[in-house]
Amino acid sequence: MWWTTCIIWVLCVSLSECRRLPEEKPQMHGEVQSPSYPQPYAPNLQEQWDLSVPEGYQINLTFTHLDIEASADCHNDSLTVLYDEKLLGKFCGHENSAEGHHPGNQPILSPGNRLTLIFQSDDSNPERQNLGFTAQYQAIDIDECSAQPAESSGPLCSQICLNTLGSYLCSCQHGYELRSDQRTCVLSCNGGTFSEPEGHLFSPGYPTPPPHAVSCQYVISVESGFMVSLNFSDNFHIESVDSEQGPDCLHHWLQITIADREPVKVCGGTSPGLVETNSNIVKLDYHTDDYGQSRGWSLDYNTHRVKCPLPGAVVNGRVTPILTEYLYRDYISVRCDVGYKLMTDGQEINSFSTMCQNTGQWHLPLPECHIIDCGEPEPLQNGGVTFLSGIENQYLSVVQYHCNEPFYSLLGGLTATFTCEADRRWRSNNEIVLHPTCIPVCGKPVEPLPHVQRIFGGYDAPENTIPWQVLLTVSGDRGGGMVIADRWILTAAHVLQQKGITATNATIEVYLGGIDVHLLLKSPMRASSVYIHPDYNNPNSIDYNHDIALIKLQDQLTFGPSVMPICLPAEDATYITNTAGVVSGFGQIDSGQGRLSTNTLKFVELPVVDQERCHTSMNEAKTRRSNVPDLTDNMFCAGRPEGGKDSCQGDSGGPFALWNGKQYWAGGIVSWGVGCGLKGVYGAYTKVTNYVGWINKTMHEN
Ligand code: ARG
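As structure tokens, this is what we get:
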């Protein structure tokens with residue numbers, strides 16, 4: 025900072041007129057001399073020095089030399105020492121002069137931190153050789169503590185005064201503390217903070233009043249969630265001033281302060297008794313002054329937990345534990361009755377518990393118990409489900425499955441009822457039917473066949489009488505087939521494979537569900553794969569052994585009056601000679617003037633022919649014709665010796681259906697013959713009973 029001063033000084037010099045530098049700090053010591061000392065002083069002088077030292081100090085002035093013209097009362101020349109207006113001395117003469125007033129060796133002490141020196145000389149003795157004076161001064165600390173107290177304000181410090189350089193401090197004896205006025209002392213109370221759940225508090229000296237004013241603060245601060253009760257003892261006395269409104273706690277009081285509430289002052293001679301604060305923090309301020317007498321007070325405090333409201337009941341559920349009251353940190357949990365689930369805010373929860381919080385509120389509201397719902401029962405293909413009891417899909421509701429009769433029946437044959445259980449699953453009431461399944465009914469047309477006959481020499485089949493009948497076209501050539509399952513058509517191998525070449529799926533069209541060829545041709549179904557019997561080998565159309573094949577459909581069939589499977593042969597099924605079977609197809613018919621393609625489904629009833637007899641007839645035919653295939657044990661014959669009724673070209677792959685008293689079953693597949701309806705020969709049919717294993721295996725594996 026030296027340069028700042030420099031600049032100001034330079035400015036001052038250059039401007040020659042400018043303000044004085046700021047007043048210097050009061051000195052702790054210094055020297056004062058008369059003008060031109062140690063040369064004699066001039067006449068007609070008037071000079072003044074205003075000395076000052078810091079606040080809280082006195083000035084001690086010591087003359088090292090004083091030589092001023094002596095005169096009576098120092099009338100001519102003098103050095104006057106003043107403290108403000110007060111004259112401390114007027115000096116002249118020298119140490120040994122008889123006249124005048126010399127200060128001698130005694131220093132002059134100013135009452136305060138200022139001192140004024142005035143030196144003056146007159147012109148009465150121009151020849152004099154007096155040197156004037158020189159004096160040293162230093163600051164001396166004032167001992168405020170030993171100063172006499174002013175009458176009105178009492179002692180500087182009520183107990184202990186400590187002098188310091190330039191000032192003083194008040195202090196208190198042990199057991200007392202300095203008040204905010206920094207002067208007076210009060211009894212210290214060791215109030216402090218009480219955090220234990222129980223405690224005992226009392227005013228200083230209780231029940232004897234303390235000798236001095238007290239100002240005590242006690243804080244009871246316990247964990248939140250607990251509430252403090254104050255229990256004042258009967259011996260209670262705090263000075264009060266009587267007023268019209270009763271005792272007024274004017275000078276002495278105990279103030280009780282609870283958060284968020286107006287502080288309350290208590291006093292008088294009656295104990296407040298039990299005070300429930302409903303708070304975990306209580307402040308007590310005990311105040312008395314130096315006048316009057318209060319014997320004081322004592323109290324025991326204790327704490328109790330915050331109470332939460334009773335939780336109430338849950339419909340279809342249970343709240344545990346059941347208590348008469350619920351306090352801070354108590355837990356309750358809720359469980360629903362069997363068949364009910366816990367819900368809060370529309371959400372299901374696994375378990376529920378809530379705690380009574382320190383605020384006196386449950387941390388979560390009670391949940392609800394809603395009845396369990398099993399959801400929609402699984403739909404049943406080709407069947408349905410109906411409610412037997414209960415509402416919707418709720419707990420204990422019972423549903424029953426049924427199949428679309430008479431085309432499907434329930435696997436296992438029993439009724440299938442399911443109950444909605446507490447685990448939210450539909451459970452079967454029957455140990456056998458765990459999953460209801462509808463299986464197609466086979467071989468039971470809704471319309472009976474009339475008992476009249478002929479394909480080749482046959483009759484028109486009325487609607488829905490042979491619902492398993494299939495019309496196939498393979499590259500435009502007609503063939504027959506029969507429905508045996510909802511994706512499977514049974515036919516003859518030679519319909520699908522000619523000259524050793526198997527037809528591709530794209531060349532095969534499948535028609536079913538009707539008797540009118542024109543109508544049928546409007547809605548073909550597609551094959552997804554074909555399975556020719558692995559042992560079928562007939563490149564030259566001479567070997568019809570194993571003439572059996574399966575077509576798998578792309579789309580699943582739904583059965584009804586017009587489409588129904590024919591049953592596969594039972595394990596013990598047999599071919600009894602002369603038993604009539606129904607042969608049907610869209611193959612060629614006898615017009616009387618040659619063969620014709622039929623426009624409607626035809627059928628004929630033909631008896632099973634004794635195998636030996638058929639062998640004989642075929643062997644005879646071989647003598648007359650070439651290319652007559654061999655009859656094997658995988659074939660049987662059907663027909664009449666007189667001829668006229670037969671299957672023919674275009675019927676191949678179609679059914680020879682046998683009636684077992686309840687259902688039609690697939691006894692044979694139209695395979696081959698020698699001409700059609702000729703006398704003495706029979707039609708040959710694939711013996712399906714020999715292939716049930718292969719059929720089931722193929723369907724199962726694909
Ligand atoms: N193989 C002929 C067809 O492809 C079936 C012949 C049946 N003939 C008979 N006389 N039964 O349609």
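Its first residue numbered 25, the sequence shown is counted upward by one per residue in this note's numbering.
Where a beta carbon is used, it is the ideal one built from N, C-alpha and C, also for glycine.
*Heavy atom of the ligand ARG less than 7 angstroms from the Cβ of Q673, yes or no?*
If you number the sequence shown from 1, residue 673 lands on position 649. Yes, the ligand ARG has a heavy atom inside 7 angstroms of this Cβ.
_Contact defined as beta carbons within less than 8 angstroms: I believe V712 pairs with V652. What is the distance between those atoms, to the nearest angstrom?_
As a first step, residue 712 is located in the sequence shown; it is residue number 688 there, counting from the start. As a first step, residue 652 is located in the sequence shown; it is residue number 628 there, counting from the start. In fact, because the Cβ distance is near 23 angstroms, the residues do not count as touching under 8 angstroms.
*Selection from T622, N255 and V299 that minimises the alpha carbon distance to L323*: In the sequence shown, counting from the first residue as 1, residue 323 sits at position 299. Taking only the C-alpha atoms, the option nearest L323 is N255.
*For N259 and P296, the rounded distance between their alpha carbons*: Locating residue 296 in the sequence shown gives position 272, counting from the first residue. Locating residue 259 in the sequence shown gives position 235, counting from the first residue. Going from the Cα of P296 to the Cα of N259 covers about 10 angstroms.
*Going by the C-beta, is G611 closer than 7 angstroms to any heavy atom of the ligand ARG?*
Within the sequence shown, the letter at position 587 stands for residue 611. Indeed, a heavy atom of the ligand ARG lies less than 7 angstroms from the Cβ.
*Are the segment 540 to 548 and the segment 504 to 516 touching, with three or more C-beta to C-beta distances below 8 angstroms?*
no
*In angstroms, rounded to a whole number, what distance separates the CA positions of I566 and L581?*
Numbered from 1 along the sequence shown, position 542 holds the residue referred to as residue 566. Numbered from 1 along the sequence shown, position 557 holds the residue referred to as residue 581. Looking at the two C-alpha atoms, the distance is approximately 35 angstroms.
*Unbroken alpha helix (DSSP H) run spanning A446, endpoints*: Along the sequence shown, one-based indexing puts residue 446 at 422. That residue, A446, is in no alpha helix (DSSP H); it is neither H nor E in DSSP.
*asked:* According to DSSP, simplified to helix, strand and coil, what is E725?
replied: Indexing the sequence shown from 1 puts residue 725 at position 701. E725: helix per DSSP, three-state reduction.
*Does DSSP put Y715 in a helix, a strand or coil?*
In the sequence shown, counting from the first residue as 1, residue 715 sits at position 691. Helix.
*Give me the Cα-Cα distance between Q172 and S204, rounded to the nearest whole angstrom.*
As a position in the sequence shown, residue 172 is number 148, starting the count at 1. As a position in the sequence shown, residue 204 is number 180, starting the count at 1. C-alpha separation (whole angstroms): 23 angstroms.
*Assuming F143 and S195 form a contact by the criterion Cβ under 8 angstroms, report the distance between their Cβ atoms to the nearest whole angstrom.*
Within the sequence shown, residue 143 is the residue found at index 119, counting from 1. Within the sequence shown, residue 195 is the residue found at index 171, counting from 1. Between S195 and F143 the Cβ distance is about 45 angstroms, and since that is not below 8 angstroms, they are no contact.
*Within 7 angstroms: the Cβ of D567 and any heavy atom of the ligand ARG?*
Working through the sequence shown from its first residue, we reach residue 567 at position 543. Not so, every heavy atom of the ligand ARG lies at least 7 angstroms from the Cβ.
*Of the listed residues F583, N304, E168 and V338, nearest to K365 (C-alpha basis)*: Taking the first residue of the sequence shown as position 1, residue 365 is located at position 341. Ranking the options by Cα distance to K365, first place goes to V338.
*Is there at least one Cβ from chain D nearer than 8 angstroms to E220's Cβ?*
Protein chain content of the structure displayed is limited to a single chain, and chain D is not contained in it.
*asked:* Only counting the same chain, and skipping five residues up and downstream in sequence, which positions put a Cβ closer than 6 angstroms to that of I184?
replied: As a working mapping, residue 184 is identified with position 160 in the sequence shown. If we look at I184 and ignore the five residues flanking it on each side, its Cβ neighbours are S195.
*Note down the Cα distance separating P179 from S170, rounded to an integer number of angstroms.*
Sequence index remark: in the sequence shown, residue 179 carries index 155 (1-based). Sequence index remark: in the sequence shown, residue 170 carries index 146 (1-based). About 10 angstroms.
_As assigned by DSSP and simplified to three states, the class of V339_ = One-based indexing of the sequence shown puts residue 339 at position 315. Coil, per DSSP.
*Where do the N-terminal and C-terminal ends of the beta strand (DSSP E) with C185 fall, by residue?*
The residue you call residue 185 lines up with position 161 of the sequence shown. Taken as a continuous stretch (DSSP letters only), the beta strand (DSSP E) holding C185 covers I184 to T188.
*Among M379, Q418 and Q63, which has the Cα closest to the Cα of D397?*
Taking the first residue of the sequence shown as position 1, residue 397 is located at position 373. Of the listed residues, the one whose Cα sits closest to D397 is Q418.
*Any chance the CB of D670 is under 7 angstroms from a heavy atom of the ligand ARG?*
Along the sequence shown, one-based indexing puts residue 670 at 646. Answer for D670: yes, Cβ within range of the ligand ARG.
_Distance, C462 Cα to Q493 Cα_ = By one-based count along the sequence shown, residue 493 stands at place 469. By one-based count along the sequence shown, residue 462 stands at place 438. So the two alpha carbons sit approximately 22 angstroms from each other.
*Cβ neighbour criterion (16 or more within 10 Å) applied to P287*: The residue given as residue 287 occupies position 263 in the sequence shown. That one is exposed.
_Let me check you understand the geometry: is the CB of C700 closer than 7 angstroms to at least one non-hydrogen atom of the ligand ARG?_
Numbered from its first residue, the sequence shown carries residue 700 at position 676. Because some heavy atom of the ligand ARG lies under 7 angstroms away, the Cβ of C700 counts as near it: yes.
_Top-ranked residue by Cα proximity to N374, from T348, W386 and E392_ = Counting from one through the sequence shown, the residue named residue 374 turns up at place 350. If we check each option's Cα against that of N374, E392 comes out closest.
*Could you tell me the boundaries of the alpha helix (DSSP H) in which L544 lies?*
To locate residue 544, count along the sequence shown from 1; it is residue 520. Its alpha helix (DSSP H) spans residues V541 to L544.
*Excluding the 5 residues preceding and the 5 following N406 in the sequence, name in chain order all residues of the same chain whose CB lies nearer than 8 angstroms to its CB.*
Taking the first residue of the sequence shown as 1, we reach residue 406 at position 382. Excluding sequence neighbours, N406 sits near C427, N428, F431, Y432, C462, P464, T582 and F583.
*Using 10 angstroms around the beta-carbon of D91, count the other beta-carbons present and answer buried if the total reaches 16, otherwise exposed.*
Taking the first residue of the sequence shown as 1, we reach residue 91 at position 67. Classification of D91: buried, given that the 10 Å Cβ count is 16 or more.
*Candidates D447, A485, D484 and P403, of which the one nearest P460 by Cα*: Counted from its first residue, the sequence shown places residue 460 at position 436. Checking every option, the nearest Cα to that of P460 belongs to P403.
_Less than 7 angstroms separating the Cβ of W450 from some heavy atom of the ligand ARG?_
Counting from one through the sequence shown, the residue named residue 450 turns up at place 426. No, the Cβ of W450 stays beyond 7 angstroms of every heavy atom of the ligand ARG.
_If you measure between the beta carbons of E79 and N137, is that distance less than 8 angstroms?_
For the purposes of this step, residue 79 is taken as the residue at position 55 of the sequence shown. For the purposes of this step, residue 137 is taken as the residue at position 113 of the sequence shown. Yes.
*DSSP state of D324, grouped into three classes?*
Translated into the one-based positions of the sequence shown, residue 324 becomes position 300. Three-state DSSP puts D324 in a strand.
*Give the secondary structure of D97 by DSSP, where H, G and I count as helix, E and B as strand, and everything else as coil.*
Reading the sequence shown from its first residue, position 73 is the one you call residue 97. Helix, per DSSP.
*From I415 to V409, what distance separates their C-alpha atoms?*
Position 391 of the sequence shown holds residue 415. Position 385 of the sequence shown holds residue 409. Looking at the two C-alpha atoms, the distance is approximately 14 angstroms.
*Is the CB-CB distance between G320 and H261 below 8 angstroms?*
Counting from 1 along the sequence shown, the entry for residue 320 is found at position 296. Counting from 1 along the sequence shown, the entry for residue 261 is found at position 237. Yes.
_Would I305 and S253 be called neighbours here (beta carbons separated by less than 8 angstroms)?_
Within the sequence shown, residue 305 is the residue found at index 281, counting from 1. Within the sequence shown, residue 253 is the residue found at index 229, counting from 1. Going by C-beta atoms, I305 is not nearer than 8 angstroms to S253.
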